[in-house]
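Here the sequence shown stands for residues 188 to 956, numbered as in the working numbering.
Glycine is no exception: its CB is placed at the ideal position from the N, C-alpha and C atoms.
For reference, the structure is listed below as structure tokens.
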Amino acid sequence: MSCSCFTDMRIRRHSMRLTLLLSAHFFYLFLSAQTNDISHKYSLAYKTSSHPLAIPSSNPFDFHSTKTNSVADTSGTKMLHQEIDQLQQDILVDVKKKLPVELPNYEKKLYSITASVITLIDSVQLAIEADSLQNDSAKYTSLKRWQVLLNDVSYALHSGGLVVQNIPVLLNKYSEARALVANNQSILPVIKESDLTLGRVILNTIGQENPVSFNESKEYLVRETFNRDPSVFFPTLFEFPDVICADSLLILAATKMPEELYAYSQASLSKLGQRILTNSDTLVKLIADIAKLPKGTFYLPFIYDLYHKKISFDAITNTLGKDKRVFYYQLLIKTLIGYNKGLASNDTAIAFQYLTKKIALTASYDFVRVLNALHEYKDDIRLKVIEDLNSIELYYLCINGVNDLFTSSYLKIYNRIFQKTASLNTYTLLKAVYFDHFKRFLKMASTFNTLDDFLRRMKKEEADTLMHAFIDGLNGNNAIEDAVDVADSYASIHNNSLRQFILKEIQNKIDIRPQTIPDSLRIYSLLNTLFLSLNTTNHINLTATLGIANVYRIENSSLQNKNGSIIIQQFFYGDQDGQDAFNIFIKSFRNTNWKIIRSKYWYELVNTKGIPVHIYANLPLDDNTKQAEYAQQVLSNYLKKRNIVPSVIIHRGHSYHLNNTLKLLSPENKLVFIGSCGGYNQLNQVYKISPLAQIVATKQEGSITINQPLINYIIELLVKGKNLDWPSVWKTLSVRFKNDNRFQDYVPPYRNLGAIMLMALNSRGFKGK
Numbered sequence: 188m189s190c191s192c193f194t195d196m197r198i199r200r201h202s203m204r205l206t207l208l209l210s211a212h213f214f215y216l217f218l219s220a221q222t223n224d225i226s227h228k229y230s231l232a233y234k235t236s237s238h239p240l241a242i243p244s245s246n247p248f249d250f251h252s253t254k255t256n257s258v259a260d261t262s263g264t265k266m267l268h269q270e271i272d273q274l275q276q277d278i279l280v281d282v283k284k285k286l287p288v289e290l291p292n293y294e295k296k297l298y299s300i301t302a303s304v305i306t307l308i309d310s311v312q313l314a315i316e317a318d319s320l321q322n323d324s325a326k327y328t329s330l331k332r333w334q335v336l337l338n339d340v341s342y343a344l345h346s347g348g349l350v351v352q353n354i355p356v357l358l359n360k361y362s363e364a365r366a367l368v369a370n371n372q373s374i375l376p377v378i379k380e381s382d383l384t385l386g387r388v389i390l391n392t393i394g395q396e397n398p399v400s401f402n403e404s405k406e407y408l409v410r411e412t413f414n415r416d417p418s419v420f421f422p423t424l425f426e427f428p429d430v431i432c433a434d435s436l437l438i439l440a441a442t443k444m445p446e447e448l449y450a451y452s453q454a455s456l457s458k459l460g461q462r463i464l465t466n467s468d469t470l471v472k473l474i475a476d477i478a479k480l481p482k483g484t485f486y487l488p489f490i491y492d493l494y495h496k497k498i499s500f501d502a503i504t505n506t507l508g509k510d511k512r513v514f515y516y517q518l519l520i521k522t523l524i525g526y527n528k529g530l531a532s533n534d535t536a537i538a539f540q541y542l543t544k545k546i547a548l549t550a551s552y553d554f555v556r557v558l559n560a561l562h563e564y565k566d567d568i569r570l571k572v573i574e575d576l577n578s579i580e581l582y583y584l585c586i587n588g589v590n591d592l593f594t595s596s597y598l599k600i601y602n603r604i605f606q607k608t609a610s611l612n613t614y615t616l617l618k619a620v621y622f623d624h625f626k627r628f629l630k631m632a633s634t635f636n637t638l639d640d641f642l643r644r645m646k647k648e649e650a651d652t653l654m655h656a657f658i659d660g661l662n663g664n665n666a667i668e669d670a671v672d673v674a675d676s677y678a679s680i681h682n683n684s685l686r687q688f689i690l691k692e693i694q695n696k697i698d699i700r701p702q703t704i705p706d707s708l709r710i711y712s713l714l715n716t717l718f719l720s721l722n723t724t725n726h727i728n729l730t731a732t733l734g735i736a737n738v739y740r741i742e743n744s745s746l747q748n749k750n751g752s753i754i755i756q757q758f759f760y761g762d763q764d765g766q767d768a769f770n771i772f773i774k775s776f777r778n779t780n781w782k783i784i785r786s787k788y789w790y791e792l793v794n795t796k797g798i799p800v801h802i803y804a805n806l807p808l809d810d811n812t813k814q815a816e817y818a819q820q821v822l823s824n825y826l827k828k829r830n831i832v833p834s835v836i837i838h839r840g841h842s843y844h845l846n847n848t849l850k851l852l853s854p855e856n857k858l859v860f861i862g863s864c865g866g867y868n869q870l871n872q873v874y875k876i877s878p879l880a881q882i883v884a885t886k887q888e889g890s891i892t893i894n895q896p897l898i899n900y901i902i903e904l905l906v907k908g909k910n911l912d913w914p915s916v917w918k919t920l921s922v923r924f925k926n927d928n929r930f931q932d933y934v935p936p937y938r939n940l941g942a943i944m945l946m947a948l949n950s951r952g953f954k955g956k
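Here it is, written out as structure tokens:
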């Protein structure tokens, strides 16, 4: 609305004395009619192009609202009208922002919802002002309730608690509820017909006008919230703490949501806090007592054992303190193993999820990040933090450090698992943890190229059983992610017998998989094709067979811009390794074939003959003050301003720097070289930004002595105008690095099975994670 009040003439035009009940009926008729002929039958007479969401008049959905401003402010309603007008504008702005543009008939839906918001809100204000049966005080009260509702709607919409498409429904349900209240009837039928969010908003806004109706409605809403949406049960109960069902639901919540019960019991002065503290249930009282402790969150993971008197408070207290973090972590793992044993017997532990969350946080902050921070120190210093951990405790460091571990940190932990017991059977290790997150561990082992070693440390039949479980069930919400893991893992296995077993398992899945699971059938068929392609005697061309972009070569011309130049951008970082890599890079190009141009934040290298190649490399400035990242940003801005788009990206830092490089990728990048430790783990992230890129990566620790010669050879081919034929390139490099086993960890595009799997699934429109 562009104005705040209404002229007497406008009121006379609506002088049919619309009551709120009639308004609700009009709303229903209006919404029903507009779906048939929005643009003609119900265009309002009062229109203006000044509305904040005004659509150009050429648009068939031309629908705007105005109200003029000359009602005398005798009742104090003018400011309420202004607040309602502003809330209406806020809602309309969020409608346009939050309605998904990919929805079918997006424009029509946007217009319909916009029209509904304008018409419904305007009509209520007009009806209230036109109602001669209400005095000024009554009008003020009615407008205030309307303003409270719209404020709740605006907040819920802006915070994501309300779906845009539900706004017209909410406003209509509110009108229905108002009509029931006006006739002294219960609003419970409206609450039951509304979803939980809408019901809560309506109940808070007008429920208390009818005490009997309010009580039965809030009892229903609290119970249904517990059953249908437990995540908002406690916020709802906090609003209505006096419901009769509170005590019984708190007892159930103690088992299902102990963490939330703990948090709300700390609000001891609130009404809900008092309900919790006075509850007589043993488990509720135990959680409330823990909440009173100074470090209560450290005791909460053990609530199941405390409740069953398997552990004492003193035993937990004795593991707390900075110098005792190893003991606390060990107690967490011991407790988890006990819980896993119970799960194997269909016993569900209280606060199990909180325990696993606490283990993840402890593993990350007290161990993994310490190992990472000491990556430049000798092992006697770096590994001190894990020297007292056994193989099971180290296993859990790995699976909980999946997003934090540097490659070197992972390898140190992995090797440490077998340091004390070199003959450890890894299948026995998995049995000891009840195969907890074994797929995640196998994925990490594949990523860091230790899977072959891990499987070698168990019996053949055990490895077969494990891989059978690993590849089973590729048809759920995580099907794509799991399929990529399987593809990556297969490429990491060099045991021919195990490879043959996995291939046979995949082919069996194709034979027995019913047609009712087409997605699963396609996944196993793709895996079969990928695995067969690794045997060159099968003569499988993945590009032709899968109908994907060429993964065997990059045409030289495809890397050139419209001027015939190839643009390469290298990302260096300011740690010692980064500075060494930069110096070796520059030294390798100090010859008559290249001209070096230095700027404040970067070097530009330009060849003097052959296909024009421009290499831009930021200076490896101080890492501690993030000057290297700043130099990268300045360089990228320089290139963008001059419309210079790199077709080749080369990351020259450790894995923990890679996210900074990824931020500056673009869809136009055609070749991405990740010479960092564990760079193979980031394939999926690269493809999200540069979906057409071919990727060269390493699965373990990248090496300057391999990275620079590899890069030089690729650039040499580009300067000569040659295409990058990856099988030929890799054959040449394999000879050059025949005495360096680390080159085996480098993966060319046609061997990136996980990346190829992603490309194939995406090209087939596969739906999944």
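Check for me: the beta strand (DSSP E) holding residue i runs from which residue to which?
{"i": "H838", "result": "835-839"}
{"i": "I885", "result": "For clarity, residue 885 is Thr in the given sequence; the question names Ile instead. From DSSP, the beta strand (DSSP E) with T885 extends over 881-885."}
{"i": "N371", "result": "Run containing N371: none; DSSP gives neither H nor E here."}
{"i": "K782", "result": "781-785"}
Looking at residue i: is its Cβ nearer than 9 Å to the Cβ of residue j?
{"i": "T522", "j": "F485", "result": "no"}
{"i": "D553", "j": "Y516", "result": "yes"}
{"i": "L542", "j": "Y621", "result": "no"}
{"i": "E791", "j": "I784", "result": "yes"}
{"i": "Y711", "j": "L629", "result": "no"}
{"i": "Q887", "j": "F635", "result": "yes"}
{"i": "L385", "j": "N353", "result": "yes"}
Is residue i buried or exposed, if buried means 16 or more other CB atoms sit within 10 Å of its CB?
{"i": "H681", "result": "exposed"}
{"i": "M654", "result": "buried"}
{"i": "L808", "result": "buried"}
{"i": "S610", "result": "exposed"}
{"i": "A947", "result": "buried"}
{"i": "D272", "result": "buried"}
{"i": "Y293", "result": "exposed"}
{"i": "Y215", "result": "Note that Y215 scores 36 on pLDDT, short of 50, meaning its location in the model is unreliable and no value can be drawn from it."}
{"i": "Y843", "result": "buried"}
{"i": "A827", "result": "In the sequence as presented, Ala is not what sits at residue 827; that position holds Lys. By the 10 Å Cβ count, K827 comes out exposed."}
{"i": "L729", "result": "buried"}
{"i": "S950", "result": "exposed"}
{"i": "T637", "result": "buried"}
{"i": "E316", "result": "buried"}
{"i": "A731", "result": "exposed"}
{"i": "V793", "result": "exposed"}
In terms of residue numbering, what span does the alpha helix (DSSP H) encompassing residue i cover?
{"i": "H268", "result": "264-285"}
{"i": "Q895", "result": "891-906"}
{"i": "N559", "result": "556-560"}
{"i": "L336", "result": "323-346"}
{"i": "H801", "result": "Unbroken run through H801 is the beta strand (DSSP E), 800-805; no alpha helix (DSSP H)."}
{"i": "L480", "result": "No alpha helix (DSSP H) contains L480, which DSSP labels as neither H nor E."}
{"i": "I861", "result": "I861 -> not in any alpha helix (DSSP H); beta strand (DSSP E) instead, spanning 858-861."}
{"i": "S676", "result": "666-679"}
{"i": "M645", "result": "Note, M645: premise wrong, no alpha helix (DSSP H); not H, not E."}
{"i": "F625", "result": "625-634"}
{"i": "N587", "result": "578-587"}
{"i": "F425", "result": "420-426"}
{"i": "A609", "result": "It is not in any alpha helix (DSSP H) - A609 carries neither H nor E in the DSSP assignment."}
{"i": "P398", "result": "398-415"}
{"i": "V311", "result": "293-317"}
Could you please give me the residues that DSSP links to residue i through a beta bridge?
{"i": "Q747", "result": "I753"}
{"i": "R740", "result": "D912"}
{"i": "E791", "result": "I784, Y803"}
{"i": "Y933", "result": "T885"}
{"i": "F758", "result": "H838"}
message = So, does the segment 936-943 touch the segment 776-783, judging by three or more C-beta pairs under 8 Å?
response = Contact between the segment 936-943 and the segment 776-783 is absent: fewer than 3 CB-CB pairs across the two stretches fall below 8 Å.
request  = Inspect the CB distances between the segment 749-757 and the segment 817-832 and report whether three or more fall short of 8 Å.
outcome  = The segment 817-832 and the segment 749-757 touch, with three or more beta-carbon pairs separated by less than 8 Å.
query = Just checking, does the segment 636-653 make contact with the segment 892-899 on the three C-beta pairs under 8 Å criterion?
reply = Because the criterion of three Cβ pairs below 8 Å is not met, the segment 636-653 and the segment 892-899 do not touch.
Inter-stretch contact (C-beta, 8 Å, three-pair minimum) for the segment 913-927 and the segment 765-773 = With the cut-off at 8 Å, the segment 913-927 and the segment 765-773 do not touch.
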